[in-house]
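Worksheet: one structure, shown below.
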Amino acid sequence: MIRLNFKKEMHTPQGREWLDIDFNISKGGFVTLFGESGAGKTTFLRILAGLTQPQEGHIEVDGEIWFDSHKGINLPIQQRKTGFIFQENNLFPHMTVRENLEYACGDQKERNSIDEWIRTMGLKGLEGQKPDKISGGQKQRVALIRALISRPKILLLDEPLSDLDINARLNLQDEIIKVYQKTGITTILVSHDLSEVFKLSKRVFVIDRGKIIKSGTLEEVFLNNNLSGKFKFTGEIIEIQKDGILNILTLSIGNNLTKVVASDEEMSGLTIGSKVIVAAKAFNPIILKA
Amino acid sequence: MQYDLQPLLLTFQLALIVTIILFVIGLPLAYWIAFSRNRFKYVVETLVSMPLVLPPTVIGFYLLIAFSPQHFLGHFLESYFGVRIVFSFTGLVIGSVLFSLPFMVNPIKAGLQNFPYELMEVSYVLGKSSWETLRRVILPNIRPALLTGLVMAFAHTIGEFGVVLMIGGNIPGTTRLASIAIYDEVEALNYDTAGLYALILVLISFFILLVFYYLNRKTVKLF
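Line by line, the protein sequences are chains A and B.
Going by the numbering used here, the first sequence opens with residue 3, and the numbers climb by one from there.
Going by the numbering used here, the second sequence opens with residue -18, and the numbers climb by one from there.
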């Protein structure tokens, strides 16, 4: 069980905000912290890893106190045993893939496991390469192995997929699910990509300006208003075609392209690249097996 | 033409010793300046860079006064340790270390400040101490900056004149460096000998810098 209760002052573009956290995460869970940039997601992960110190509070992981402002406890970063994956710049540029992994190993047993990790993560043949010679997706896989190889207590993922193209992102999402199932490690993902949150996690905390404003299962947080059968998606206009009195919009919603019809009235103020909400009033939609 | 290789040998001996001492004190100092949040670090940073703007004779003058047996520090060292700093090789080393300090500290500091901070944090999260992170992650990645510091400190010590003349004087075999010998020979109208010393210094300095720029060709030039 991870018990979190802390406050930290943040300097955001909107001014000073307090990151005010109070919740628990059960052992072995996979939760997501979802929110806009500047909401405090990264600060939250940094505080957990010990890279940033909160003003006050209490952090307890599996019965071990990592931080307690009243008792003056602040466990050093090195002793917290977290696996942390940053958005970018994870790998040491002067070391090969294998050297990067060896750097994280504490003992011979962990060193012996490198080959198996490399094989299961599809990195065979790249052991001798320096990070600048491999793709962004491969780099993050190496970082994932390196974070897990010494069996940390928590895995902290700070938008690790945000710099990747869509294919690499989907691949790595599968890998993350795979290693989570294999290791059962408590994982906290920070993301502002809704499709990613749906794919990866079961519980979500929505954070806005430093405060948790909603939490629960995905259905509870994102879908509970939609029980009437109304659909609501957000997408982006890719193309606008004029056909008589109608406009045909091509929209990108999630990873799919779809065409919808819009009247001139609806079109006012919209151009290619505009973000739009598409809602349907269908009461009883057709469901087909995908 | 009469000439003596002693001043040249003494010059390189001094430059080597000074460079080693500067590396040992310059690296931790640069690390502290680069990463400390102490508000006095700007004072230290300023003091380190003072030799860049002051005439060498000013530093030489203060050292001469401080270490002279008539004053407290010099008197203390002489009466308790039997050491006399002024007009000795030790005095040259102390003066040169102070005078070349910015040439070692500033490039290393710049290298450390340009080093991506996240990589240090990655190393800490992986359970490594600051010392291990410095040794295995930071130093291998700031090699060009280290090389710049070493070469600049060495080359600058060879080229010194004002500080060493003030504190060391011109004692053959002890404090008579090549730069001082050139001045001395010119004063004695021995232009040939002075020219030979000068030419040797020019050639050696040229090759040191040439090798340095060749080794550093792929990286950003700091000077």
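Think of the CB as a built atom: it goes at the ideal place given N, C-alpha and C, for glycine as much as any other residue.
Just so we're clear, the structure is a prediction, and the values are computed from it rather than from any experiment.
Query, Result
"Assuming A/Glu62 is part of the beta strand (DSSP E), what are its boundary residues?", "Glu58 to Val63"
"Does the region 189 to 203 of chain A come close enough to the region 104 to 123 of chain A to have 3 or more Cβ pairs within less than 8 Å?", "no"
"Apart from the five residues just before and just after A/Ile274, which ones in its own chain have a Cβ nearer than 8 Å to its Cβ?", "Ile239, Ile240, Glu241 and Ile242"
"Once DSSP output is grouped into helix, strand and coil, what is the label at B/Gly143?", "helix"
"Short of 8 Å Cβ to Cβ, which residues in the region 94 to 121 of chain A face chain B?", "Phe94, Pro95, His96, Tyr105, Ala106 and Gly108"
"For chain B, find out if any of its Cβ atoms is closer than 8 Å to the Cβ of A/Gln57; answer yes or no.", "no"
"Along the chain, where does the beta strand (DSSP E) that runs through A/Val278 open and close?", "Lys277 to Ala282"
"Less than 7 Å between C-beta atoms, sequence neighbours within five positions excluded: which residues of the same chain meet that for B/Leu3?", "Val78, Ser81, Leu82, Met85 and Ala134"
"Please compile the residues from chain B whose C-beta is within a distance smaller than 9 Å of the C-beta of A/Asn92.", "Glu99, Leu100 and Val103"
"Indicate whether at least one CB of chain B lies closer than 8 Å to the CB of A/Thr84.", "yes"
"Over the uninterrupted beta strand (DSSP E) stretch that includes A/Gly17, give me the two end residues.", "Gly17 to Ile27"
"Just checking my contact of A/Gln89 with A/Glu161 at CB under 8 Å: how many whole Å lie between their CB atoms?", "5 Å"
"Give every residue of the same chain whose Cβ lies closer than 8 Å to the Cβ of B/Tyr105, excluding the five residues on either side of it in the sequence, and list them in chain order.", "Ser111 and Thr114"
"If you reduce the DSSP assignment to three classes, tell me which class A/Ala264 lands in.", "strand"
"Start and end of the alpha helix (DSSP H) containing B/Met31?", "Lys22 to Val34"
"Go ahead and label A/Leu253 buried or exposed: buried means 16 or more other beta carbons lie within 10 angstroms of its beta carbon, across all protein chains shown.", "buried"
"State yes or no: is the beta carbon of A/Ser152 nearer than 8 Å to at least one beta carbon in chain B?", "yes"
"Exposed or buried, which one is A/Ser203 when buried takes at least 16 other CB atoms within 10 Å?", "buried"
"Would you kindly report the start and end of the unbroken alpha helix (DSSP H) that includes A/Arg48?", "Lys43 to Ala51"
"How about A/Gly186 and A/Gly30: do their beta carbons lie closer than 8 Å?", "yes"
"Go ahead and label B/Met147 buried or exposed: buried means 16 or more other beta carbons lie within 10 angstroms of its beta carbon, across all protein chains shown.", "buried"
"Classify B/Phe48 as helix, strand or coil using the three-state DSSP reduction.", "helix"
"Assuming B/Pro37 contacts B/Tyr178 under a Cβ cut-off of 8 Å, what Cβ separation, rounded to an integer in Å, is found between them?", "Going by Cβ atoms, the distance from B/Pro37 to B/Tyr178 rounds to 19 Å, so no, they are not a contact pair."
"Under the rule that 16 or more other beta-carbon atoms within 10 Å means buried, what is A/Met12, buried or exposed?", "buried"
"What in chain A is Cβ-close to B/Leu127, meaning under 7 Å?", "Neighbours of B/Leu127 on chain A: none; closest Cβ ~13 Å, over 7 Å."
"Among residues of its own chain, excluding the 5 on either side of A/Asn26, which ones have a beta-carbon nearer than 8 Å to its beta-carbon?", "Met3, Ile4, Arg5 and Leu6"
"Could you give the DSSP three-state label for B/Gly76: helix, strand or coil?", "helix"
"Could you compute how far the alpha carbon of B/Phe16 sits from the alpha carbon of B/Arg124?", "18 Å"
"I'd like to know whether the C-beta of B/Gly92 is nearer than 8 Å to at least one C-beta of chain A.", "no"
"State the beta-bridge partners of A/His13 as determined by DSSP.", "A/Arg18"
"Measure the C-alpha to C-alpha separation of B/Arg116 and A/Ile255 and round it to an integer number of angstroms.", "49 Å"
"Expressed to the nearest angstrom, what Euclidean distance is found between the alpha-carbon atoms of A/Phe207 and A/Ile214?", "6 Å"
"With burial defined as no fewer than 16 other Cβ atoms inside 10 Å of the residue's Cβ, what is the status of B/Lys202: buried or exposed?", "Residue placement at B/Lys202 cannot be trusted, given a pLDDT of 45 that sits under 50; what the coordinates show is reported in the next sentence. It is exposed - the Cβ of B/Lys202 has fewer than 16 other Cβ atoms within 10 Å."
"Checking contacts by CB at 8 Å: is A/Gln80 closer than that to chain B?", "yes"
"From what residue to what residue does the beta strand (DSSP E) around A/Asn361 run?", "Within the shown structure, residues of chain A are numbered from 3 to 292, placing residue 361 of chain A beyond reach of any answer."
"Residues of chain A with CB under 8 Å from B/Asn197, in chain order?", "By Cβ distance, chain A contributes nothing, its closest Cβ being about 16 Å from B/Asn197, past 8 Å."
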